[in-house]
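Under my numbering, read the sequence shown as residues 2 to 160, first letter to last. Built from N, CA and C at the ideal position, the CB exists for glycine as well. Worksheet for the structure shown next.
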Amino acid sequence: MKVEQIFTCHQVSEERKVSLATLSFQGHAMYWWTSLVRDRHLHNDPPIQYWNELRSALRRRHIPSYYTRELINKLQRLHQRNMIVEEYRQTMELYLMRVGIREEENITIARFLSGLTFEIRDKVQLLPYRDLNDLVQLCIKVEQQNLRKGFKTSSYSSS
Numbered sequence: 002m003k004v005e006q007i008f009t010c011h012q013v014s015e016e017r018k019v020s021l022a023t024l025s026f027q028g029h030a031m032y033w034w035t036s037l038v039r040d041r042h043l044h045n046d047p048p049i050q051y052w053n054e055l056r057s058a059l060r061r062r063h064i065p066s067y068y069t070r071e072l073i074n075k076l077q078r079l080h081q082r083n084m085i086v087e088e089y090r091q092t093m094e095l096y097l098m099r100v101g102i103r104e105e106e107n108i109t110i111a112r113f114l115s116g117l118t119f120e121i122r123d124k125v126q127l128l129p130y131r132d133l134n135d136l137v138q139l140c141i142k143v144e145q146q147n148l149r150k151g152f153k154t155s156s157y158s159s160s
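Next comes the structure, spelled out in structure tokens:
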């Protein structure tokens with residue numbers, strides 16, 4: 002991700018990305034890269050020329066095959082529970098991004114709603130919203146109201 006930001010910032014051409022990225026390899030990464038280049042040459046495979054190819058090779062080498070399945074399972078089981086709304090949203094977006102899922106917004110909205118606490122979900126389902134951002138803002142308002150009501154109730158009961 003950081004490398005891609007550098008590429009964008011410096012407007013690095015597609016032809017130079019692989020050579021620039023591999024310049025920073027050291028130790029085990031350099032050994033892996035030189036072995037990969039040699040093996041591809043021995044098997045008459047074309048050299049890795051594009052960033053997407055290198056990124057895929059790096060993922061195959063360093064990310065276990067079960068990683069994506071575990072993230073999908075975490076995403077499927079994700080519920081707000083004791084997280085605040087914004088934390089729940091960020092966690093869901095992080096899982097979606099890491100898994101590489103790009104779904105229609107109405108599906109993401111349904112996913113988001115189904116994981117909310119009942120106290121928040123029951124109230125926001127009655128309110129109009131245009132998109133996921135609107136829904137999140139409504140959820141935050143309901144959450145804040147619930148916190149204020151909980152604070153008032155507990156402060157009245159303790160007096």
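Asked: From Trp33, Cys10, Glu16, Ile73, residue whose alpha carbon lies closest to that of Leu59; Found: Trp33
Asked: Sufficient close CB pairs (3 or more, under 8 Å) joining the segment 117-124 to the segment 66-86; Found: yes
Asked: Helix, strand or coil at Asn147 according to DSSP, with G and I counted as helix; Found: helix
Asked: Spatial distance of Ile64 from Glu71 (CA atoms); Found: 12 Å
Asked: Expected contact under 8 Å - CB spacing of Met93 and Arg112 to nearest Å; Found: 7 Å
Asked: Nearest neighbour of Glu15, chosen from Pro47, Glu54, Met31 [CA to CA]; Found: Glu54
Asked: Glu106 (DSSP reduced to helix, strand or coil); Found: helix
Asked: Pairwise C-alpha distance: Gln81 and Ser158; Found: With a pLDDT of only 46 at Ser158, under the threshold of 50, the placement of this residue in the model should not be trusted; the figure read from the coordinates follows. Each residue's Cα considered, the two are about 27 Å apart.
Asked: For Val125 and Val143, believed in contact at Cβ under 8 Å, the rounded distance; Found: 6 Å
Asked: Beta-carbon proximity list for Thr69, same chain, < 7 Å, skipping 5 on both sides; Found: Val100
Asked: Leu79 versus His44: straight-line alpha-carbon distance, rounded; Found: 44 Å
Asked: Whole-angstrom distance between Ser57 and Ser25, CA atom to CA atom; Found: 18 Å
Asked: Closest Cα partner of Arg90 within the set Thr109, Arg103, Phe8; Found: Thr109
Asked: Test item: CB-CB of Val1 and Ile49 under 9 Å; Found: In this structure the chain extends from 2 to 160, so residue 1 is not present and cannot be described.
Asked: Nearest-angstrom Cα separation, counted from Phe8 out to His29; Found: 23 Å
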